[in-house]
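Trainee: Using numbering that gives the first Met the number 0, the letters of the sequence shown map in sequence onto residues 0 to 612. Glycine included, each C-beta is placed from N, C-alpha and C at the ideal position. Supplied in structure tokens, the structure appears directly below.
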Amino acid sequence: MKRVKPFAYLLIAVGLYSCNTPQKETSFQKNEPVNFAQVKIEDNFWLPRINKHAEVTLPACLNQCEVETQRIKNFAIAAGMEEGEFKGLVYDDSDLYKMIEGCSYSLMNHPNPELEKKLDEIIDKIAGAQLEDGYLMTYFILGDLNQRWTNMDKHEMYCCGHLIEAAIAYYNATGKRTLLDVAIKFANHIDNTFGKNKRNWVPGHQEIELALVKLYRVTQDDRYLKLAHWLLEQRGHNHGDWKAKDYYQDLKPVSELSKISGHAVRAMYMFTGMADLASITQDTAYVRALDRLWEDVTKTKMYATGGIGSSRKNEGFTEDYDLPNAEAYCETCASVGMVFWNQRMNMLKGDGKYVDILERSMYNGALAGISLSADRFFYVNPLESAGTHHRKPWYGTACCPSQISRFLPSVGNYVYATSSDALWVNLYIASETNVTIEDVPMHVKQLTEYPWKGDVKLVMTPEKETNFTLKVRIPNWCKNYEFMVNGEKVKTEIDKQYLLVERTWKAGDEVSFSMAMPVEVVAADPRVKANIGKRCLQRGPLVYCMEEIDNPLYNNATLLHSTNYMANFEPDLLGGVVSITAVNGDDTYKFIPYYAWDNREAGKMQVWVKYEE
Numbered sequence: 000m001k002r003v004k005p006f007a008y009l010l011i012a013v014g015l016y017s018c019n020t021p022q023k024e025t026s027f028q029k030n031e032p033v034n035f036a037q038v039k040i041e042d043n044f045w046l047p048r049i050n051k052h053a054e055v056t057l058p059a060c061l062n063q064c065e066v067e068t069q070r071i072k073n074f075a076i077a078a079g080m081e082e083g084e085f086k087g088l089v090y091d092d093s094d095l096y097k098m099i100e101g102c103s104y105s106l107m108n109h110p111n112p113e114l115e116k117k118l119d120e121i122i123d124k125i126a127g128a129q130l131e132d133g134y135l136m137t138y139f140i141l142g143d144l145n146q147r148w149t150n151m152d153k154h155e156m157y158c159c160g161h162l163i164e165a166a167i168a169y170y171n172a173t174g175k176r177t178l179l180d181v182a183i184k185f186a187n188h189i190d191n192t193f194g195k196n197k198r199n200w201v202p203g204h205q206e207i208e209l210a211l212v213k214l215y216r217v218t219q220d221d222r223y224l225k226l227a228h229w230l231l232e233q234r235g236h237n238h239g240d241w242k243a244k245d246y247y248q249d250l251k252p253v254s255e256l257s258k259i260s261g262h263a264v265r266a267m268y269m270f271t272g273m274a275d276l277a278s279i280t281q282d283t284a285y286v287r288a289l290d291r292l293w294e295d296v297t298k299t300k301m302y303a304t305g306g307i308g309s310s311r312k313n314e315g316f317t318e319d320y321d322l323p324n325a326e327a328y329c330e331t332c333a334s335v336g337m338v339f340w341n342q343r344m345n346m347l348k349g350d351g352k353y354v355d356i357l358e359r360s361m362y363n364g365a366l367a368g369i370s371l372s373a374d375r376f377f378y379v380n381p382l383e384s385a386g387t388h389h390r391k392p393w394y395g396t397a398c399c400p401s402q403i404s405r406f407l408p409s410v411g412n413y414v415y416a417t418s419s420d421a422l423w424v425n426l427y428i429a430s431e432t433n434v435t436i437e438d439v440p441m442h443v444k445q446l447t448e449y450p451w452k453g454d455v456k457l458v459m460t461p462e463k464e465t466n467f468t469l470k471v472r473i474p475n476w477c478k479n480y481e482f483m484v485n486g487e488k489v490k491t492e493i494d495k496q497y498l499l500v501e502r503t504w505k506a507g508d509e510v511s512f513s514m515a516m517p518v519e520v521v522a523a524d525p526r527v528k529a530n531i532g533k534r535c536l537q538r539g540p541l542v543y544c545m546e547e548i549d550n551p552l553y554n555n556a557t558l559l560h561s562t563n564y565m566a567n568f569e570p571d572l573l574g575g576v577v578s579i580t581a582v583n584g585d586d587t588y589k590f591i592p593y594y595a596w597d598n599r600e601a602g603k604m605q606v607w608v609k610y611e612e
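Take a look at the structure:
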């Protein structure tokens, strides 16, 4: 089971996807994701994580916000419910909002009256802290209110964005409007203060742009859509009150961007907002810019894990192909941001290559951000460690724990999508959902042991016989597969990495899709200096690493052209994983999935291993 595969795509870097001239869009949104609230996860890989998220992660985050730090108390003080003064960092409100968003997503599939009551109590404090004019940020309310809206890097609009997302999530989960009304009031305050013929403003940390589009979709009030567009258009016109324009993605108007720069998370949120806006306004200039930026990110600045942001200095990007391993930043928030952005790109383009990146970031870069115990977190995700880098229960800047707390319960968002005449299967996660295609309701059940096995079964149950196209994504790592309907091979087409089957479907039709999962030996682009003379291992969507704890020969580990690789499922290892054993004559090395490292005793780790022809 061996394959040497020189990737040239920045896993790496460059060339796997051709850089085509963007074509004129005929329809700006090719599909609509099926919301995770309509997707019942039954997967042996994801379901235990989602359950543990509800049982462990959310209580841990709530404890940090309420007991270990003053994030909740700051609101209570501002509301006059308690006495004291502000403690924490300027942007701490946002972590509480993201925690509320994560709790809300969990409530949709894990009803919990006690948790809901706790959130109502927190929301009362948030509502009580809001000023009459709609402004809401405890750092300034409890500090010098005259300093509000004087510094673009103080995260005021960033906090409002996360408030909006939390409010929409809680409203969708419970039907309660209190937090939504608070968010609308703050958004209206911003709209009344900034805009054409009012004040200029460039948000130092993007986020509000995508949140305002969400608010527009909930309220159908186009003032929020217009405000999102205005804020994006403010960039690149010397309105920012900073010198490091590249750090803030403020070098040029967003529609003219071709190269990503600066802070990775800020960029991901901005690109997601641009894609959201374009899907509604049909802005071709935005789409062309996003095409250029996607090529730049995935070909020259992305790690094998789907992580982005190579530099600790700016939590972001440097020059092309600068991808150090031990010094890699790869913030967990940025990997989740890659999932957000690439889903939006798939919606716009209907191209499986975006889901390839989404999947890579999700199973590797993002999932590594949380421990198997579900209560410890990585902020930074290097691809090599001397044994001193470990997950922590919380951080002073706690964006990553709260980011994971809202991401995990929503993974069902990325499995299915629909268009008027098609069902799109993007990810392979055992699950059930109900969709409507060609005005016919249909139940879909997916059975699989992915990512350990490449066998997938889909059972289609439309209410009546109906003709539509099934679109099943062929992952870019998949080179050999077999596809059958009701046990027979059928005529298929391939378009943008989707295997298409158009037919009249009836209740009980079974689709079998089997993907071979060999161990792949991956070479980096030669321009990635850090990986010259090295290889990494990948199997299916998972990138592997070797830990010192499994490898007595760790310090001298070398892979050869003649090395043999064996994959073996170990149910008692790290919650149950397929490990890879590399055999060089008498020397053997053991590799585990990257997401699972640092869950045992401390030791060294490396993804890229010395290689000799």
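Under 8 angstroms between the Cβ atoms of residue 451 and residue 519?
Mentor: One-based indexing of the sequence shown puts residue 451 at position 452. One-based indexing of the sequence shown puts residue 519 at position 520. No, the pair does not count as a contact, with Cβ atoms beyond the cut-off.
Trainee: Per the DSSP calculation, residue 310 is bridged to which residue(s)?
Mentor: Counted from its first residue, the sequence shown places residue 310 at position 311. BP columns for residue 310 point to 315.
Trainee: Which residues mark the beginning and the end of the alpha helix (DSSP H) in which residue 228 is found?
Mentor: Taking the sequence shown and counting its residues from 1, the one referred to as residue 228 is at position 229. Here the alpha helix (DSSP H) through residue 228 covers 221-232.
Trainee: Examine the Cβ distances between the region 357-364 and the region 284-299 and report whether three or more of them are shorter than 8 angstroms.
Mentor: These segments do not touch.
Trainee: For residue 448, list the residues DSSP reports as bridge partners.
Mentor: The sequence position of residue 448 within the sequence shown is 449, counting from 1. Paired residues: none, contrary to the question.
Trainee: Applying the 10 Å Cβ sphere with the 16-neighbour rule, what's the burial state of residue 447?
Mentor: Indexing the sequence shown from 1 puts residue 447 at position 448. Flag for residue 447 reads buried.
Trainee: Residues in the same chain with beta-carbon distance under 7 angstroms from residue 128, minus the five sequence neighbours each way, listed in chain order, please.
Mentor: As a working note, residue 128 is residue 129 in the sequence shown. Within the same chain, residue 128 has close Cβ partners 74, 77, 78, 135, 137, 140.
Trainee: Is residue 201 helix, strand or coil by DSSP?
Mentor: The count along the sequence shown starts at 1 and reaches residue 201 at position 202. Annotated three-state conformation of residue 201 is coil, per DSSP.
Trainee: Rounded to a whole number of angstroms, what is the C-alpha to C-alpha distance between residue 579 and residue 462?
Mentor: Sequence index remark: in the sequence shown, residue 579 carries index 580 (1-based). Sequence index remark: in the sequence shown, residue 462 carries index 463 (1-based). When rounded, the separation of the alpha-carbon atoms in residue 579 and residue 462 is 44 angstroms.
Trainee: Taking one C-beta from the region 34-42 and one from the region 408-425 each time, how about it: are there three or more such pairs within less than 8 angstroms?
Mentor: yes
Trainee: Residue 497 by DSSP, collapsed to three states: which one?
Mentor: On the sequence shown, residue 497 is found 498 positions in, with the first residue counted as 1. Looking at residue 497 - three-state DSSP - the assignment turns out to be strand.
Trainee: Ends of the alpha helix (DSSP H) at residue 48?
Mentor: Translated into the one-based positions of the sequence shown, residue 48 becomes position 49. Per DSSP, residue 48 belongs to the alpha helix (DSSP H) from 45-51.
Trainee: What is the DSSP secondary structure of residue 504, reduced to helix, strand or coil?
Mentor: Sequence index remark: in the sequence shown, residue 504 carries index 505 (1-based). Residue state, collapsed to three classes: strand.
Trainee: Mapping DSSP to helix, strand and coil, what is residue 607?
Mentor: Residue mapping note: residue 607 aligns to position 608 of the sequence shown, counting from 1. In the three-state reduction of the DSSP assignment, residue 607 falls in the coil class, being assigned neither a helical nor a strand state.
Trainee: Which of the three DSSP states is assigned to residue 528 in this structure?
Mentor: Residue 528 sits at position 529 when you count from the first residue of the sequence shown. Helix, per DSSP.
Trainee: Can you list, in chain order, the residues of its chain whose CB lies under 7 angstroms from that of residue 142, leaving out five sequence neighbours each side?
Mentor: Here residue 142 refers to the residue found at position 143 of the sequence shown. Counting only Cβ-Cβ distances below 7 angstroms, and skipping sequence neighbours, we find 85.
Trainee: Using three-state DSSP, classify residue 280 as helix, strand or coil.
Mentor: Here residue 280 corresponds to residue number 281 of the sequence shown, with the count starting at 1. The answer is helix: DSSP assigns residue 280 an H, G or I state.
Trainee: Using a Cβ-Cβ cutoff of less than 6 angstroms, which residues in the same chain neighbour residue 17 once the five nearest sequence positions on both sides are dropped?
Mentor: Here the question's residue 17 lines up with position 18 in the sequence shown. Low per-residue confidence applies at residue 17: pLDDT is 26, beneath 50, and the placement is therefore not dependable enough to give any value.
Trainee: At which residues does the alpha helix (DSSP H) containing residue 178 begin and terminate?
Mentor: On the sequence shown, position 179 is the one that residue 178 refers to. Run containing residue 178: 177-192, per the alpha helix (DSSP H) assignment.
Trainee: Between residue 203 and residue 152, how many whole angstroms is the CB-CB distance? I'm expecting something under 8 angstroms.
Mentor: For the purposes of this step, residue 203 is identified with residue 204 of the sequence shown, where counting begins at 1. For the purposes of this step, residue 152 is identified with residue 153 of the sequence shown, where counting begins at 1. Sure, about 4 angstroms apart at Cβ, within 8 angstroms.
Trainee: In angstroms with no decimal places, state the Cα-to-Cα distance between residue 113 and residue 119.
Mentor: The count along the sequence shown starts at 1 and reaches residue 113 at position 114. The count along the sequence shown starts at 1 and reaches residue 119 at position 120. Computed Cα separation, rounded: 10 angstroms.
Trainee: Using 10 angstroms around the beta-carbon of residue 435, count the other beta-carbons present and answer buried if the total reaches 16, otherwise exposed.
Mentor: Reading the sequence shown from its first residue, position 436 is the one you call residue 435. By the 10 Å Cβ count, residue 435 comes out exposed.
Trainee: Mark residue 516 as exposed unless 16 or more other C-beta atoms lie within 10 angstroms of its C-beta, in which case mark it buried.
Mentor: Taking the first residue of the sequence shown as 1, we reach residue 516 at position 517. Label assigned to residue 516: buried.
Trainee: Rounded to the nearest angstrom, what separates residue 554 and residue 522 at their Cα positions?
Mentor: Here residue 554 refers to the residue found at position 555 when the sequence shown is read from its first residue. Here residue 522 refers to the residue found at position 523 when the sequence shown is read from its first residue. If I take the Cα positions, the gap works out to 20 angstroms.
Trainee: At what residues does the alpha helix (DSSP H) containing residue 163 begin and finish?
Mentor: Start at 1 with the first residue of the sequence shown, and residue 163 comes out as number 164. 155-173 is the extent of the alpha helix (DSSP H) around residue 163.
Trainee: Report buried or exposed for residue 595, applying the criterion of at least 16 other Cβ atoms within 10 angstroms of its Cβ.
Mentor: Against the sequence shown, residue 595 aligns to sequence position 596. By the neighbour-count rule (16 or more Cβ atoms within 10 Å), residue 595 is buried.
Trainee: How long is the line joining the alpha carbons of residue 240 and residue 418, rounded to whole angstroms?
Mentor: Taking the sequence shown and counting its residues from 1, the one referred to as residue 240 is at position 241. Taking the sequence shown and counting its residues from 1, the one referred to as residue 418 is at position 419. When rounded, the distance between both Cα atoms is 43 angstroms.
Trainee: Would you say residue 253 and residue 234 are within 8 angstroms of each other, going by their C-beta atoms?
Mentor: To locate residue 253, count along the sequence shown from 1; it is residue 254. To locate residue 234, count along the sequence shown from 1; it is residue 235. Contact flag set, yes.
Trainee: CA-CA distance, residue 105 and residue 348?
Mentor: Taking the first residue of the sequence shown as 1, we reach residue 105 at position 106. Taking the first residue of the sequence shown as 1, we reach residue 348 at position 349. So the two alpha carbons sit approximately 30 angstroms from each other.
Trainee: Considering Cα atoms alone, identify which of 543, 226, 231 is closest to residue 205.
Mentor: In the sequence shown, counting from the first residue as 1, residue 205 sits at position 206. Closest by alpha carbon: 231.
Trainee: Can residue 371 and residue 101 be called in contact, C-beta distance under 8 angstroms?
Mentor: The residue you call residue 371 lines up with position 372 of the sequence shown. The residue you call residue 101 lines up with position 102 of the sequence shown. Against a cut-off of 8 angstroms, the Cβ pair of residue 101 and residue 371 comes out as no contact.
Trainee: Expressed to the nearest angstrom, what Euclidean distance is found between the alpha-carbon atoms of residue 48 and residue 570?
Mentor: Walking along the sequence shown from the start, residue 48 turns up at place 49. Walking along the sequence shown from the start, residue 570 turns up at place 571. Their Cα atoms are separated by approximately 16 angstroms.
Trainee: Does residue 489 pass the burial test, meaning 16 or more other C-beta atoms within 10 Å, or should it be called exposed?
Mentor: Taking the sequence shown and counting its residues from 1, the one referred to as residue 489 is at position 490. By the 10 Å Cβ count, residue 489 comes out exposed.
Trainee: Decide yes or no for the touch test of the region 531-539 against the region 498-509: beta carbon pairs closer than 8 angstroms, at least 3 of them.
Mentor: At 8 angstroms Cβ cutoff, the stretches do not touch.
Trainee: Compute the beta-carbon to beta-carbon distance between residue 246 and residue 262, rounded to the nearest angstrom, for a pair I have assumed lies under 8 angstroms.
Mentor: Residue mapping note: residue 246 aligns to position 247 of the sequence shown, counting from 1. Residue mapping note: residue 262 aligns to position 263 of the sequence shown, counting from 1. 6 angstroms between Cβ atoms; contact.
Trainee: State yes or no: is the beta carbon of residue 606 nearer than 8 angstroms to at least one beta carbon in chain C?
Mentor: Absent here is chain C; the protein component of the structure consists of one chain.
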